[in-house]
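Residue numbers (my numbering): 1 to 349.
See structure below.
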Ligand code: NAD
C-alpha cells in the first residue's frame, strides 16, 4: 500500500521502514508531528495480518500520540513504532537491540517505550543500543512500567464520566465491562474492584480471565460478546478500532472510557456514539498516564512530583472536556481535538 495516499496518512513527517536480517526484525517507526518537541510514543509488537495492517496501525497510533501529548501539556511530538511478528515466537534480546539501533539512527527525533507486546525487560535490551528509550527499570530517572499510571488516569477519568452521566459520586456498584486484561486492563480492574465496581471481563487469554474471576469476583464474558454485554461502562483495554459503525449500534452501555489507543475506527464514530447518547471519553485524552509516566524520564527530571503534577492536570483536562462537551452538546472527542489543535497551532511549524 502506498504511504502518501494511505487513508491514515495525515501529513506525517517521517515513516521509517526497518529491517535487520540476522534477527528477522521488521519494524516501522512513524513520526507524525514534532511541533511541540521530539516525538515520543511506545513500540507495539504485534502479529499483524498484513504489512498494510501494520502501516495503518503505525500511522494511526503516531497521529494519536500527537493529540495525546498536546492535550496532556507535554513538550513532546507524536511518534510510534510497530514491530511486525508474533512476540512469543520471534522476540529476542538481539532483535530488541536491533530495534534500538534503528531508534538511535534517528538521533533523538523519536523516543520509544512500552506498548502492547513489549515490556520493561524488552526496553532494557533496547537501551543497550540507544539512549532514546524510556520506561526503564533502572537508571537515574527510570520510570518503569507506565501501565499503573495509565490505569490510574483511566480510573479517575471514568469516575468523572460516571459523576456527569449518573450524577453520583464514586463508582461503587457500577457495572464495568473490561476488554483486555493486560498491563493496563489488570491494574484498572484492581482500582475498580477496590472501589466496589462489578466487573465483567474478557480476554483472548483464558488464563487471565480465570484469574480475574478468582481475584475480583468478575463475571467472565467471551471475547466476541464483550461489545454487546449490558453494563454501565465499557472499558476497551485491548486493541483499537473497536468502536465503529458495526459495533456502536449494538452497545448496551452509557459510557465508554478505556485505555486502548485509537478506539474509534473513524472520527465519525464519535458522533455515532453521541447520537446514541453514549458518553465517550476520548482515548487520547484519558490514556495519557503512560506517556506522562515516561515523560519525566525523557526530560531527565525527578519523576514523582513531575508525574503527580501532570496527572492532576490530566484529571482537570478530562473534567473540562466533559463539561464543555455537555455545554455544547457535542461529543467530547471534538472538544479534546480542539484542545490539541489549540496547542499545536500555538507552537506553529
Ligand atoms: P497488553 O499487551 O499488556 O494487554 C492487551 C491485552 O488485550 C492482552 O491481555 C491481550 O490478550 C488482550 N486482547 C487482545 N485482543 C483482544 C480481544 N479481541 N478481546 C479481548 N482481549 C484482547 O497491552 P497494554 O499495555 O495493557 O495496553 C492495552 C491498550 O492500552 C493498548 O491499546 C495500548 O496501546 C493502550 N495504552 C497502553 C498504555 C500503557 O501504559 N501500557 C498507555 C496508553 C495506552
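Idealized CB from N, CA, C, for every residue including glycine.
Predicted model, so just to flag it, every value in this text is computed and none were measured.
Report buried or exposed for residue 297, applying the criterion of at least 16 other Cβ atoms within 10 angstroms of its Cβ. Taking the chain shown and counting its residues from 1, the one referred to as residue 297 is at position 297. It is buried - the Cβ of residue 297 has at least 16 other Cβ atoms within 10 Å.
Distance, residue 329 Cα to residue 244 Cα: As a first step, residue 244 is located in the chain shown; it is residue number 244 there, counting from the start. As a first step, residue 329 is located in the chain shown; it is residue number 329 there, counting from the start. One C-alpha to the other measures close to 21 angstroms.
Which parts of the region 107 to 195 are runs of the beta strand (DSSP E), unbroken and 3 residues or longer, counting only runs that do not cross its ends? 175 to 179
So the beta strand (DSSP E) residue 29 belongs to, where does it begin and stop? Start at 1 with the first residue of the chain shown, and residue 29 comes out as number 29. Looking at the DSSP string, the run of the beta strand (DSSP E) that includes residue 29 is 25 to 33.
Determine the burial state of residue 169: buried for a count of at least 16 other Cβ atoms within 10 Å of its Cβ, exposed for fewer. As a first step, residue 169 must be located in the chain shown, where it is residue number 169. Under this definition residue 169 is an exposed residue.
With DSSP run on the structure shown, which of helix, strand or coil describes residue 15? Translated into the one-based positions of the chain shown, residue 15 becomes position 15. Residue state, collapsed to three classes: strand.
One question on the structure: do residue 417 and residue 162 come within less than 8 angstroms of each other, judged by their Cβ atoms? Lying outside 1 to 349, the shown extent of the chain, residue 417 is not represented and no answer is given.
Given residue 56, which residues of its chain have a CB within under 6 angstroms of its CB, disregarding the five upstream and five downstream residues? For the purposes of this step, residue 56 is taken as residue 56 along the chain shown, with counting starting at 1. Correct list, in chain order: 8.
Identify the continuous alpha helix (DSSP H) that holds residue 59 and give its terminal residues. Counting from one through the chain shown, the residue named residue 59 turns up at place 59. Residue 59 -> alpha helix (DSSP H) spans 51 to 71.
Those residues which DSSP pairs with residue 306 across a bridge: Reading the chain shown from its first residue, position 306 is the one you call residue 306. Answer is none; residue 306 lacks a bridge partner.
Opposing strand residues paired with residue 233 [DSSP bridges]: Within the chain shown, residue 233 is the residue found at index 233, counting from 1. 176 and 255, per the DSSP bridge assignment.
Neighbour-count burial assignment, residue 4, 16 or more Cβ in a 10 Å radius: Residue numbering aside, residue 4 sits at position 4 when the chain shown is read from its first letter. With fewer than 16 Cβ atoms within 10 Å of its Cβ, residue 4 is classed as exposed.
If you drop the 5 nearest sequence neighbours on each side, which residues of the same chain put their C-beta closer than 6 angstroms to that of residue 140? Residue numbering aside, residue 140 sits at position 140 when the chain shown is read from its first letter. Closer than 6 angstroms at the Cβ level, and outside the excluded window around residue 140, lies no residue.
Assumed close pair residue 34, residue 77 - CB separation to whole angstroms, cut-off 8 angstroms: Locating residue 34 in the chain shown gives position 34, where the first residue counts as 1. Locating residue 77 in the chain shown gives position 77, where the first residue counts as 1. Their Cβ separation, rounded to whole angstroms, is 4 angstroms, which keeps residue 34 and residue 77 in contact under 8 angstroms.
So residue 136 and residue 124 are in contact, right, with Cβ under 8 angstroms, and what is the actual spacing, rounded? As a working note, residue 136 is residue 136 in the chain shown. As a working note, residue 124 is residue 124 in the chain shown. Between residue 124 and residue 136 the Cβ distance is about 6 angstroms, and since that is below 8 angstroms, they are a contact.
Closest to residue 228 by CA distance: which of 179, 194 and 288 is it? Along the chain shown, one-based indexing puts residue 228 at 228. Of 179, 194 and 288, the residue nearest in Cα terms is 179.
Residues in its own chain within less than 7 angstroms of residue 47 by CB, not counting five upstream and five downstream? As a working mapping, residue 47 is identified with position 47 in the chain shown. These residues qualify, in order along the chain: 85 and 86.
My understanding is that residue 262 touches residue 60, with C-beta atoms under 8 angstroms, so please give their C-beta distance in whole angstroms. Along the chain shown, one-based indexing puts residue 262 at 262. Along the chain shown, one-based indexing puts residue 60 at 60. Indeed they touch by this definition, with Cβ atoms about 5 angstroms apart.
Between which two residues does the alpha helix (DSSP H) harbouring residue 298 extend? In the chain shown, residue 298 corresponds to position 298, counting from 1. From DSSP, the alpha helix (DSSP H) with residue 298 extends over 289 to 299.
On a CA-only basis, which of 253, 36 and 25 is nearest residue 44? Give me that one, please. Counting from one through the chain shown, the residue named residue 44 turns up at place 44. Nearest option by C-alpha distance: 25.
Rounded C-alpha distance that separates residue 160 from residue 318: Counting from one through the chain shown, the residue named residue 160 turns up at place 160. Counting from one through the chain shown, the residue named residue 318 turns up at place 318. Residue 160 and residue 318: Cα-Cα distance of roughly 7 angstroms.
Given the structure, does residue 223 come close to ligand 2, in the sense that its CB is under 7 angstroms from one of the ligand's heavy atoms? Ligands displayed in this structure: ligand 1; ligand 2 is not among them.
In this structure, how does DSSP classify residue 198 when only helix, strand and coil are distinguished? Within the chain shown, the letter at position 198 stands for residue 198. Three-state result, residue 198: strand.
Determine which residues share a DSSP beta bridge with residue 84 and list them. By 1-based counting over the chain shown, the position of residue 84 is 84. In the DSSP output, where bridge partners are listed per residue, residue 84 has 46.
Cβ distance (whole Å) where residue 200 is taken to contact residue 231 below 8 angstroms: Position 200 of the chain shown, counting from 1, holds the residue named residue 200. Position 231 of the chain shown, counting from 1, holds the residue named residue 231. Right, the Cβ-Cβ distance comes to about 6 angstroms (below 8 angstroms), so this counts as a contact.
Could you tell me whether the Cβ atoms of residue 294 and residue 148 are closer together than 8 angstroms? Mapped onto the chain shown, residue 294 falls at position 294. Mapped onto the chain shown, residue 148 falls at position 148. Not in contact: residue 294 and residue 148 (Cβ atoms no closer than 8 angstroms).
For ligand 1, is there a heavy atom less than 7 angstroms away from the beta-carbon of residue 286? Position 286 of the chain shown, counted from the start, is the residue given in the question as residue 286. No, since every heavy atom of ligand 1 falls outside the 7 angstroms radius drawn around the Cβ of residue 286.
DSSP three-state label for residue 220, please. Against the chain shown, residue 220 aligns to sequence position 220. Residue 220: strand per DSSP, three-state reduction.
First through last residue of the alpha helix (DSSP H) which encompasses residue 334: Reading the chain shown from its first residue, position 334 is the one you call residue 334. Residues 332 to 347.
Same chain only: Cβ atoms within 6 angstroms of residue 259, ignoring 5 sequence neighbours per side: Position 259 of the chain shown holds residue 259. Same-chain partners within the cutoff: 150, 154, 184, 237 and 287.
Residues near residue 213 in its chain [Cβ-Cβ closer than 8 angstroms; skip 5 each side]: Here residue 213 refers to the residue found at position 213 of the chain shown. Counting only Cβ-Cβ distances below 8 angstroms, and skipping sequence neighbours, we find 201, 219 and 220.
Beta bridge counterpart(s) of residue 20 as assigned by DSSP: As a first step, residue 20 must be located in the chain shown, where it is residue number 20. Answer by DSSP bridge pairing, in chain order: 25.
Among 118, 100 and 345, whose alpha-carbon lies nearest the alpha-carbon of residue 110? As a position in the chain shown, residue 110 is number 110, starting the count at 1. When only C-alpha atoms are compared, the closest one is 100.
Flag this pair as yes or no: are the beta carbons of residue 292 and residue 72 separated by less than 8 angstroms? The count along the chain shown starts at 1 and reaches residue 292 at position 292. The count along the chain shown starts at 1 and reaches residue 72 at position 72. Cβ atoms of residue 292 and residue 72: closer than 8 angstroms.
Measure the C-alpha to C-alpha separation of residue 239 and residue 301 and round it to an integer number of angstroms. The residue you call residue 239 lines up with position 239 of the chain shown. The residue you call residue 301 lines up with position 301 of the chain shown. So the two alpha carbons sit approximately 31 angstroms from each other.
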